[in-house]
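Report on the following structure.
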Amino acid sequence: MTKGTATSIDHLSEAELIPLVDDDLLPKHLAIIMDGNGRWAELRGLPRIAGHTEGIKSVREIITLCRELGIGALTIYAFSKENWNRPAPEINALMRLLEQYLESERDSLLEQGIRFQTIGRVDSLPSSALNWVRRVEKETAHLDKLLLTVALSYGGRSEIVDAVRRVAQDSKHGEIQPEAIDENLFEGYLSTRGLPDPDLLIRTSGEFRISNFLLWQLAYTEMYFTPTLWPDFRRREMLLALLEYQRRERRFGRVPSHLYRQSGL
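For what it's worth, the numbering used here labels the leading residue of the sequence shown as 433, then goes sequentially.
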């Protein structure tokens, strides 16, 4: 795990960073915990919702960059199950912002070939926001240039519990046998079924937690932590994260082959 990128490339501009990106070493699935909107606003003496509104600009830039680079899947943590404990005015403002985002970005998603889908206990959203979510999901379901997954009213533990319940129901009805249950079968009951596990997780704002996000799926994910607050995390910061990821050696529990050669095995 790395806190940001402390190398000689830190001073380079976006235009200078782009040529350094190796298309063959990009993550196929990128996950992001978008943290720091409230702190960004508070530092400027603004209401917290101003930070969330500014954060939408970062969402737009990162989605477009993923599309340009050919990253196939992007999953963003927009609203956790625990976020329902926030003050009602902030929750209401966030739900309105969600509606406004979907209404304003719908045409752009269609033009860029981006499929929009959600994970989480989405049915708990207010009816107006839920209607927009379902509408955009339906209208973009046939697109395949980028799969944008938005976690709403989501919690990793509740996702696993919900999956266990579905497995238990199918087992009870004789549709699966207990001895047939393995990791591959169980993954098919998760809300991310059909998606590869994330290759890279980015968390902004300097926190070093995964905050109940994709607990099953992050088992072998590379993690990148940066002190940059989400509204300030734009294309250049994203490129720095991707270049750091490209330097990682992903072993998935294996021993590097050169160590085998050194040991004579």
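Backbone N, C-alpha and C fix where the C-beta goes; we use that ideal spot for every residue, glycine too.
Nothing here was measured: the structure is a model prediction, and the numbers come from that model.
Using CA coordinates, which residue listed in the options is at the minimum distance from residue i?
i           : options               : result
residue 468 : 480, 604, 673 and 461 : 480
residue 503 : 454, 636, 573 and 648 : 454
residue 578 : 549, 450, 556 and 590 : 549
residue 632 : 448, 593 and 462      : 462
residue 583 : 552, 535 and 495      : 552
residue 642 : 587, 609, 670 and 557 : 587
residue 532 : 498, 556 and 484      : 484
residue 557 : 536, 511, 597 and 610 : 511
Please say whether residue j and residue i have beta carbons closer to each other than 7 Å?
i           : j           : result
residue 581 : residue 507 : yes
residue 547 : residue 575 : yes
residue 415 : residue 654 : This structure cannot settle anything about residue 415, because the visible part of the chain is limited to 433 through 697.
residue 623 : residue 591 : yes
residue 774 : residue 520 : One cannot answer for residue 774 here, as it falls past the ends of the chain, which runs 433 to 697.
residue 599 : residue 621 : yes
residue 509 : residue 618 : no
residue 666 : residue 493 : yes
residue 527 : residue 473 : no
residue 529 : residue 564 : no
residue 670 : residue 501 : no
By Cβ distance, which residues of its chain are closer than 7 Å to residue i, with the 5 residues on each side in sequence left out?
i           : result
residue 487 : 466, 469, 662 and 663
residue 649 : 624, 629 and 630
residue 525 : 481
residue 674 : 453 and 458
residue 499 : 544, 546, 577 and 578
residue 475 : none
Using a Cβ-Cβ cutoff of less than 8 Å, which residues in the same chain neighbour residue i once the five nearest sequence positions on both sides are dropped?
i           : result
residue 445 : 668
residue 513 : 552, 553, 585, 586, 587, 590 and 644
residue 490 : 466, 662, 663, 664, 665 and 666
residue 647 : 588, 589, 591 and 592
residue 522 : 480 and 481
residue 460 : 503, 504, 505, 628 and 631
residue 450 : 671
Spatial neighbours of residue i within its chain, please: CB distance less than 6 Å, with the 5 preceding and 5 following residues excluded, ordered by chain position.
i           : result
residue 437 : Residue placement at residue 437 cannot be trusted, given a pLDDT of 46 that sits under 50; what the coordinates show is reported in the next sentence. Correct list, in chain order: 672 and 676.
residue 638 : 659
residue 692 : Confidence at residue 692 is low in this model, with a pLDDT of 46, below 50, so the placement of that residue should be treated as unreliable; the coordinate-derived value is given next. Once the five neighbours on either side are set aside, residue 692 has no close Cβ partner at all.
residue 464 : 508 and 634
residue 595 : 621 and 622
residue 516 : none
>> Under 8 Å, with one C-beta from each stretch per pair, do the region 606-620 and the region 538-546 reach the 3-pair mark?
In response: no
> Can you list, in chain order, the stretches of the beta strand (DSSP E) that have 3 or more residues and sit fully within the region 602-665?
Replying inline: 632-635 and 654-657
> Three or more C-beta pairs closer than 8 Å, one from the region 592-605 and one from the region 569-578: is that the case here?
Replying inline: Cβ pair count under 8 Å is below three, so no.
> Counting only runs that start and end within the region 534-598, where is the alpha helix (DSSP H) found for 4 or more residues in a row?
Replying inline: 559-572
> Enumerated in chain order, which unbroken segments of the alpha helix (DSSP H) with a length of 4 residues or greater are wholly contained in the region 471-539?
Replying inline: 480-501
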